[in-house]
Structures are given as structure tokens and as C-alpha cells.
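Peer 1: Chains B and C are the protein sequences, given in the same order.
Each residue of the first sequence is one higher than the last, beginning at 144 in the working numbering.
Each residue of the second sequence is one higher than the last, beginning at 55 in the working numbering.
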Amino acid sequence: MFKTRADKIFWFTLAAVFLVGLGFTEVLANEYYYTAVYAILQATMMAVAWNILGGFTGYVNFGSAGFFAIGAYTAVALDKWLGLPLPLLIVGSAIICGLMGLGVGYLTLRLKGVYFAIATLALAIVLETLITNWDFVGAARGVYILTPEKVPFFDSYIQLLFVVMLALTLGSIAVSRQLNDSRIGRGLAAIRDDEVAAECAGVPTLRLKLISTTIMGAMMGVAGAPYPFFVTFVDPLSAFNLFVAVNAIAMPLIGGTAHWIGPVIGALLIGGAQEAITVTISSELNVLVVGIMLVLFITLAPQGIVGLVQKWMKRRRG
Amino acid sequence: MSAPILQVRGVSKHFGGFTALDDIELELGASERLGLIGPNGSGKTTLINCISGSLTNDSGSIVFKGEDITRLAPHQRAARGVARSFQIPKPFRSMTVLENLRIPLEYAARRRTERARIDDDAMDVLELIGLKDRANDPSAGLTQVDMRKLELARALAAKPKLLVSDEAMAGLSSSEVDEILKILLALNARGVAVIMIEHIMRAVMGFAQRLVVLDAGRKIADGTPEDIIRSPDVERAYLGE
Chain B
144 MFKTRADKIF WFTLAAVFLV GLGFTEVLAN EYYYTAVYAI LQATMMAVAW
194 NILGGFTGYV NFGSAGFFAI GAYTAVALDK WLGLPLPLLI VGSAIICGLM
244 GLGVGYLTLR LKGVYFAIAT LALAIVLETL ITNWDFVGAA RGVYILTPEK
294 VPFFDSYIQL LFVVMLALTL GSIAVSRQLN DSRIGRGLAA IRDDEVAAEC
344 AGVPTLRLKL ISTTIMGAMM GVAGAPYPFF VTFVDPLSAF NLFVAVNAIA
394 MPLIGGTAHW IGPVIGALLI GGAQEAITVT ISSELNVLVV GIMLVLFITL
444 APQGIVGLVQ KWMKRRRG
Chain C
55 MSAPILQVRG VSKHFGGFTA LDDIELELGA SERLGLIGPN GSGKTTLINC
105 ISGSLTNDSG SIVFKGEDIT RLAPHQRAAR GVARSFQIPK PFRSMTVLEN
155 LRIPLEYAAR RRTERARIDD DAMDVLELIG LKDRANDPSA GLTQVDMRKL
205 ELARALAAKP KLLVSDEAMA GLSSSEVDEI LKILLALNAR GVAVIMIEHI
255 MRAVMGFAQR LVVLDAGRKI ADGTPEDIIR SPDVERAYLG E
């Protein structure tokens, strides 16, 4: 874990960010900030999760955000049924969504390119229909979640959620980085570049793609598990929100998909800009901003911000 | 002939109503150099797809080093020592030349490679191929001939016992053809059996110890290059009656 200098810097930064976040809960009482940062963290985690399948493996898809919704609803169902505490709900969502990622991957991964993207979109719609008709979790009416008035260690429940989300997001970034630098990560990159050649170079492409969908699903599920407690009311329309899904795709594409830091940069940039615009200008304009940035980046810098920086560094070196 | 490393037994392959391969029999000795020729559409690429596992034959079996590999996926065959290069180069474009070779070393040749020696092994292959200076260049920017060399280098990095080279020389200049030929001969000298598909007759005749001719999915001739070019069947397949 601490083999190189980059490793040390990485883990030190993660620890520092977590401690700073924890420190804020001591000095800052205004709940708005926690709500805003929670939204950015959630977007970051979804971007990181999407990127594992869409970026590292090259399977661009519209369905990943469906796993976020399943994660949220798994938490709702487990909470209602067994009354489990939040950490167990998160673990439960990770397991359910990871297994679903595996199953869905097995069904759809024989499709490639745009066909795969459409199949995953269809799948998200199927899942939404299932939830809309499942009475136990409120069906189309939606479901209210009661959050405790008093929480240990923190001033309010949103502070607790913020710290939990911060830890989860940093954890997902660490997983993504480890994966990117591993033998499996290099195998996924080979699949992204040329699947037939990868297979002939000995890469077990199906197994690796299933690992990719499983991790993606589990991570999306984890991102979704605290969501019902954050918004306190969930219905299928908000959980399967298309805008949330598009965000999870736009952020990695703008940040850069080949490197683990791409989706993090994209999410912080877009998520931050969206929150700022929502507060200062209008809550509708931020949708337009994402659209314009996406168009600009896809036409001018298809490798995203990471690609731009790499190009610039190469030019400087010689 | 030494003990066969590859046996193709009665292999047939159909695409819908079209018979691409019809009951093909083929044996290849360890470290033998075989040229596979035939007119366009005669089934050469289909046959090597069946050997490397990209396609599964409908009937018959493929035996490699005494083991039936007919039902194995391409990556399992690669791990056992079957490597192939593609007619149209398929480099891993986001990677450098060296990183391209790391993939087969870390996957296909994993059991035959020490982890600490991966980069050294990759450099050895690049040295043999003549791409050492390009090791850290991005693979997407290579010239056509270097792209072909990378294709061969990546196949070699899998440390194969059998290399199937699918038109590694098409479109290259005469001196470039000689370069590739030299690489393939050097490889063969290290004990790797080679099946070469090629339209450039000068290259095949200079390289192969034995030629197999396919026409319309059937094997119509199998023998030394000198015998094959005198065969009336082969002449008919290429030139018509």
C-alpha cells in the first residue's frame, strides 16, 4: 500500500481530507453546507463507480445509475423490514447491487458499444417499473424515511451522513485507484483498447468484465444506500432521476476516463459549479451548464481534463 | 517430422449455409514452419480463428500438445502456448509499446514469467523484434511496419509454442518483408512452430518448410513448396481451368 512516494501522498491526502471534513462538523453548524457537500460527494462516488465500467473497461452505459436507485431502495427495504442500522444497510446495498451487477453483466456484456448502452438503459427502466409496482417500498407513491432526532457525536443527522458519505467516497476513490494500478486494471485497459486482441493475449475478458460490473454495481449501491436518509423521501422518479444518471456519465467524461483521478476532478468541478449556480443564479441553469461543458469537452478534449494535462506535460518535457 | 504439436482433426465450420471449412486435417510438428496459402475466401483465416479460439469449429477437434483444446476460450489457449497476430494490427492504443507487451506477459505467459522480470522479458522481445528504441513510445503513433512488428512482439511476449501469423507482411515494402521474415526465422530458431498465412509468394516460399493449400474450405494440397507449385490442383485453384 505504501510502496511508492505517490502512494504515501495519496493516502496522506485521503486521511487529511477526512480529518478536515470531521473538523468542520465541530465548527460549522449551518446545515446547508453539509447538504451541498453531501450532494457533491454522492456525485463523485457515482462518477467513480461509473468510470470503472464506462472508463476503465470502455463499456459506456446509461444504466449504472439504476444501481444507485437499487442501492437506495435496498436500504429502504432493509430498514423497513429489519430496522438495521445504517452501516449494515450500506453493506446490504453493496452486496445486493454487486450481485445484480454480476447478473446484469452476464446478461448484457455480450453486446458491445451502442447496443450495450441501450440495453443498460432499458434495464434501468425495467428496474424502475419493478420498484414503481412494489408496494412494500411505497410503490409509485414513494416512501418517507424517519431519521433520528438525536445522533451521537454530531450536532445533527446531516452531519453524520456527511461524514459517512465522505468516508465512503474516499474509500471508493481508493478502490478505484488500486484497481487502476493493478494487473486487473491493466487487463481492463486492454479490453477497452481491443477486446479480441486482449483475449488472444490471454486476458480472460468475460471474467474481468464481470468483476468490473460487480464492483461498479456494489459501489453505486453504496452511494445510494444513505440517499433515502439524506432526502427523507424517496420515490421511483427521484431515485431513477435521469439527470443524476447523466451527471454520473458527464463527470468522468469531462475529467478523463482512463485515469482514476479523472472522475474525481470532473465531479468536483461539475458538482461544485452546479451547487454554486443553483444558489447564486438558478436551480434550472445548472442542467444547461453540464450540457454545454459536455459538448465542449467531447468536441475539443475527448480525453478530458486528465488528457489535456498529460498532453501539456508531454509538450513541456520535449 | 518430430512429434506433432498441433493436430487439426476433421474440422468443419459453417456460417449459415456457407461451408467455410470442410473436414480439414492438418498436423504440425514442434518447431515446424508451415505456410498456409489459398485464394481469397478459401478459409485460411477461419481455420486459424478455429485454432486460436476466436471461432469454435462445428465438428472435428483441435489438439494442442496432446490436449483437446476445441472447447477452450482463446485466453485459455493463449495460456497453453497458442499465440496469433492479426492481419489488421490491433495494438492497445492507450498504452506504450512496452505496456502492450506487459499484457500477455501478465496474462497468457503468467505461469511462465517471474513477476519481477516482466519488464526485462518485454525488453528482450523488443530487442529481438527491433523495436527497443520505441519501448516508451505510444503505440498509436507507430508506422505501419512498426505496428506489424508490435503485433508480432505482443504475440511473442505470450511465450508461445505455436505462433500463427496472419498476413504480417501485407502491404509492406520488399525490404520490410525481409525484416519481418528475419524475425519469424529467428523466432522459429528458438523452437516456436509457426503457421504463416501470406499472399506474398516470395515470402512464403522462402520461409515455409511445408505448404498447405486451401481452396473453398477444403485442403487441396499438402507438401514441400517445390511440389506444391508444380501441382495441377493448385494451379487450377489459383488460375482457373
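Each residue gets a CB set at the ideal place from its N, CA and C atoms; glycine is no exception.
Note that the structure is predicted; figures quoted are calculated from it, not measured.
Just checking, does the segment 402-416 of chain B make contact with the segment 316-330 of chain B on the three C-beta pairs under 8 Å criterion?
Peer 2: yes
Peer 1: Closer than 8 Å, CB to CB, is residue 157 of chain C near chain B or not?
Peer 2: The residue labelled residue 157 of chain C in the question sits at position 103 within the second sequence. Cβ-Cβ to chain B under 8 Å: yes for residue 157 of chain C.
Peer 1: If you reduce the DSSP assignment to three classes, tell me which class residue 151 of chain B lands in.
Peer 2: Along the first sequence, one-based indexing puts residue 151 of chain B at 8. In the structure shown, residue 151 of chain B sits in a helix (DSSP, three-state: H, G or I).
Peer 1: Please check if any C-beta of chain B sits within less than 8 Å of the C-beta of residue 106 of chain C.
Peer 2: The residue you call residue 106 of chain C lines up with position 52 of the second sequence. So, interface residue.
Peer 1: Relative to the C-alpha of residue 209 of chain C, which residue among C/183, C/265, C/115 is closest?
Peer 2: In the second sequence, the residue the question calls residue 209 of chain C occupies position 155. Closest by alpha carbon: C/183.
Peer 1: Whose Cβ in chain B lies nearer than 7 Å to the Cβ of residue 160 of chain C?
Peer 2: On the second sequence, position 106 is the one that residue 160 of chain C refers to. Per Cβ cutoff of 7 Å: 326, 329.
Peer 1: Less than 8 Å between the C-beta atoms of residue 202 of chain C and residue 145 of chain C, yes or no?
Peer 2: As a first step, residue 202 of chain C must be located in the second sequence, where it is residue number 148. As a first step, residue 145 of chain C must be located in the second sequence, where it is residue number 91. Taking 8 Å as the Cβ cut-off, residue 202 of chain C and residue 145 of chain C do not qualify as a contacting pair.
Peer 1: Determine the burial state of residue 174 of chain C: buried for a count of at least 16 other Cβ atoms within 10 Å of its Cβ, exposed for fewer.
Peer 2: Here residue 174 of chain C is taken as the residue at index 120 of the second sequence, counted from 1. Label assigned to residue 174 of chain C: exposed.
Peer 1: So, residue 257 of chain C versus residue 267 of chain C, is the Cβ gap smaller than 8 Å?
Peer 2: For the purposes of this step, residue 257 of chain C is taken as the residue at position 203 of the second sequence. For the purposes of this step, residue 267 of chain C is taken as the residue at position 213 of the second sequence. No, the pair does not count as a contact, with Cβ atoms beyond the cut-off.
Peer 1: Run through DSSP, which three-state label would residue 236 of chain B get?
Peer 2: In the first sequence, the residue the question calls residue 236 of chain B occupies position 93. In the structure shown, residue 236 of chain B sits in a helix (DSSP, three-state: H, G or I).
Peer 1: Could you say which of C/190, C/231, C/168 lies nearest to residue 199 of chain C if we only look at CA atoms?
Peer 2: Here residue 199 of chain C refers to the residue found at position 145 of the second sequence. Taking only the C-alpha atoms, the option nearest residue 199 of chain C is C/231.
Peer 1: Could you tell me whether any Cβ in chain B is nearer than 8 Å to the Cβ of residue 129 of chain C?
Peer 2: Reading the second sequence from its first residue, position 75 is the one you call residue 129 of chain C. With 8 Å as the cut-off, residue 129 of chain C counts as an interface residue toward chain B.
Peer 1: If you draw a straight line from the alpha carbon of residue 418 of chain B to that of residue 435 of chain B, how long is it in whole angstroms?
Peer 2: The sequence position of residue 418 of chain B within the first sequence is 275, counting from 1. The sequence position of residue 435 of chain B within the first sequence is 292, counting from 1. Just so you know, the alpha carbons of residue 418 of chain B and residue 435 of chain B end up roughly 16 Å apart.
Peer 1: Chain C beta carbons: is any one of them nearer than 8 Å to that of residue 240 of chain B?
Peer 2: On the first sequence, residue 240 of chain B is found 97 positions in, with the first residue counted as 1. Cβ-Cβ to chain C under 8 Å: no for residue 240 of chain B.
Peer 1: How is the beta strand (DSSP E) around residue 251 of chain C delimited, first residue to last?
Peer 2: In the second sequence, residue 251 of chain C corresponds to position 197, counting from 1. Segment 247-251, the beta strand (DSSP E) holding residue 251 of chain C.
Peer 1: When the Cβ atoms of the segment 190-206 of chain B are set against those of the segment 382-399 of chain B, are three or more pairs found closer than 8 Å?
Peer 2: yes
Peer 1: In chain B, which residues lie less than 7 Å from residue 144 of chain C when you measure between Cβ atoms?
Peer 2: Locating residue 144 of chain C in the second sequence gives position 90, where the first residue counts as 1. The answer, in chain order, is 337, 339, 340.
Peer 1: Please state whether the Cβ-Cβ distance between residue 283 of chain B and residue 379 of chain B is less than 8 Å.
Peer 2: Reading the first sequence from its first residue, position 140 is the one you call residue 283 of chain B. Reading the first sequence from its first residue, position 236 is the one you call residue 379 of chain B. Yes, these two residues count as a Cβ contact at 8 Å.
Peer 1: Can you look up residue 64 of chain C in the DSSP assignment and give me helix, strand or coil?
Peer 2: Counting from 1 along the second sequence, the entry for residue 64 of chain C is found at position 10. Residue state, collapsed to three classes: strand.
Peer 1: Are residue 185 of chain C and residue 162 of chain C closer than 8 Å when you measure CB to CB?
Peer 2: Working through the second sequence from its first residue, we reach residue 185 of chain C at position 131. Working through the second sequence from its first residue, we reach residue 162 of chain C at position 108. It is not a contact, given that the beta carbons lie outside the stated cut-off.
Peer 1: Spell out whether any CB of chain B is found under 8 Å from the CB atom of residue 222 of chain C.
Peer 2: One-based indexing of the second sequence puts residue 222 of chain C at position 168. Among the residues facing chain B, residue 222 of chain C is not included, as its CB has no counterpart in that chain under 8 Å away.
Peer 1: Name the one or two DSSP bridge partners that residue 287 of chain B has.
Peer 2: For this step, residue 287 of chain B is matched to residue 144 along the first sequence. According to DSSP, residue 287 of chain B bridges with B/376.
Peer 1: Determine, for residue 459 of chain B, whether the minimum Cβ-Cβ distance to residues of chain C falls below 8 Å.
Peer 2: Residue numbering aside, residue 459 of chain B sits at position 316 when the first sequence is read from its first letter. Not an interface residue.
Peer 1: Hey, residue 413 of chain B and residue 397 of chain B are a contact pair by Cβ (cut 8 Å); roughly how many whole angstroms apart?
Peer 2: In the first sequence, counting from the first residue as 1, residue 413 of chain B sits at position 270. In the first sequence, counting from the first residue as 1, residue 397 of chain B sits at position 254. Sure, about 6 Å apart at Cβ, within 8 Å.
Peer 1: Quick one: does residue 449 of chain B have its CB under 8 Å from some CB of chain C?
Peer 2: Looking up residue 449 of chain B in the first sequence gives position 306. By this cut-off, residue 449 of chain B is not an interface position.
Peer 1: Apart from the five residues just before and just after residue 278 of chain C, which ones in its own chain have a Cβ nearer than 8 Å to its Cβ?
Peer 2: For this step, residue 278 of chain C is matched to residue 224 along the second sequence. The answer, listed in chain order, is 263, 264, 265.
Peer 1: Only counting the same chain, and skipping five residues up and downstream in sequence, which positions put a Cβ closer than 7 Å to that of residue 259 of chain C?
Peer 2: Here residue 259 of chain C refers to the residue found at position 205 of the second sequence. Only 279 meet the Cβ criterion.
Peer 1: Just tell me which of B/375, B/186, B/147, B/146 has its CA closest to the CA of residue 395 of chain B.
Peer 2: Numbered from its first residue, the first sequence carries residue 395 of chain B at position 252. Minimum Cα distance to residue 395 of chain B is reached at B/186.
Peer 1: What does the alpha-carbon distance come out to for the pair residue 82 of chain C and residue 246 of chain B?
Peer 2: Position 28 of the second sequence, counted from the start, is the residue given in the question as residue 82 of chain C. Position 103 of the first sequence, counted from the start, is the residue given in the question as residue 246 of chain B. Looking at the two C-alpha atoms, the distance is approximately 42 Å.
Peer 1: At least one CB of chain C closer than 8 Å to the CB of residue 348 of chain B: is that the case?
Peer 2: Working through the first sequence from its first residue, we reach residue 348 of chain B at position 205. Yes, contact with chain C.
Peer 1: How many angstroms separate the CA atom of residue 55 of chain C from the CA atom of residue 337 of chain B?
Peer 2: Within the second sequence, the letter at position 1 stands for residue 55 of chain C. Within the first sequence, the letter at position 194 stands for residue 337 of chain B. In this prediction, residue 55 of chain C scores a pLDDT of 49, lower than 50, which makes its location untrustworthy; the coordinate-derived value is nonetheless stated afterwards. Taking the straight line joining both Cα atoms gives about 37 Å.
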